[in-house]
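Q:
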Amino acid sequence: ELDKYLQHHDFLKARRKEMLHKRWADHVAHPLQKKIIEKVCSYKKIKKRRQEELDGFLKHVNKKGNAFIEHYDPKEYDPFYMSKEDPNFLKVTIPPFRDPLKKAQYDKDDEKRTLLQCETGKIYTMKEFKEIEEAKLHSRFPRISNSRHFMTPNEWLKLPTTYIESEFCKRSRLKVKTNFNDCSFDLKPLTRTPHPVESQQEEKSVIYK
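Take 1452 as the starting number for the sequence shown in the working numbering and just add one per residue.
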């Protein structure tokens, strides 16, 4: 009976894993793969747009003689036209997935959002609720000015080089210990006693003389 129970338990455990994988494939993997394939198969539009960009570049070079990214007139030739016209160009946009692997987190967020709506009397979307939760989390801790933790890589690169010499950085460097080799042991008595090898060499030199 015990063996049958253990076998049945293992069978149910494996079956739950199979069902979870099937739900994940239906709700996440397959829709994502479908979106990617649709974007990849639209290469004809990409090829046509690339040819238009190349023609525009050649016309500009033939007219002006050269082209620089740093200096250009958008009225004549704009190399960033497509990125400005369509920010999602060559990017796959997907709707939010209902990942079954994160069901517990989704249920917890829905419960918290419902409580917040009951307290405030206002209906919040999940995006608005996440922003409120993030603001509450950051309000618990003092935010450090220009901290690396609160900045994106692009924002960090925009910081001036003089930031390292700012008052905030100077105060932070004062907290760092400069000498980690200090000890309370007095080494002076050891320096006075001669080493045995050195004393033997001195004796040999005296004998040779």
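Just so you know, even glycine gets a beta-carbon here, dropped at the ideal spot from N, CA and C.
Inspect the CB distances between the segment 1503-1511 and the segment 1548-1566 and report whether three or more fall short of 8 Å.
A: no
Q: In this structure, does DSSP put Arg-1467 in helix, strand or coil?
A: Residue state, collapsed to three classes: helix.
Q: Consult DSSP for Glu-1452 and reduce its assignment to one of helix, strand or coil.
A: coil
Q: Assuming Arg-1564 is part of the alpha helix (DSSP H), what are its boundary residues?
A: 1554-1571
Q: What is the DSSP secondary structure of Arg-1500, counted as helix, strand or coil?
A: Here Arg-1500 sits in helix by DSSP.
Q: Consult DSSP for Phe-1548 and reduce its assignment to one of helix, strand or coil.
A: coil
Q: Could you tell me the distance, in whole angstroms, from the CA atom of Tyr-1557 to the CA atom of Lys-1587?
A: 19 Å
Q: Residue range of the alpha helix (DSSP H) that Ile-1488 falls in?
A: Run containing Ile-1488: 1481-1492, per the alpha helix (DSSP H) assignment.
Q: Kindly give me the distance between the Cβ atoms of His-1478 and Pro-1551, rounded to whole angstroms, as I take these residues to be in contact under 8 Å.
A: Taking the Cβ atoms as the reference, His-1478 lies roughly 6 Å from Pro-1551, within the contact range of under 8 Å.
Q: For the putative contact between Leu-1483 and Ile-1545, defined by C-beta atoms under 8 Å, what is the C-beta separation to the nearest angstrom?
A: Indeed, because the Cβ distance is near 6 Å, the residues count as touching under 8 Å.
Q: Quick one: what does DSSP say Ile-1574 is sitting in, helix, strand or coil?
A: coil
Q: Using the Cα positions of Val-1491 and His-1460, report the straight-line distance between them to the nearest angstrom.
A: 44 Å
Q: Could you give the C-beta distance for Phe-1548 and Leu-1567, rounded to a whole number, given that I count them as a contact under 8 Å?
A: Phe-1548 to Leu-1567, Cβ: 23 Å. No contact.
Q: Would you report the Cα separation of Tyr-1662 and Lys-1553, rounded to the nearest angstrom?
A: The first residue shown for the chain is 1452 and the last is 1660, placing residue 1662 beyond what the model contains.
Q: Rounded to the nearest angstrom, what separates Thr-1409 and Glu-1582 at their Cα positions?
A: The chain is shown only over 1452 to 1660; residue 1409 falls outside these bounds and no answer can be derived.
Q: In whole angstroms, what is the alpha-carbon distance linking Gln-1502 and Ala-1476?
A: 38 Å
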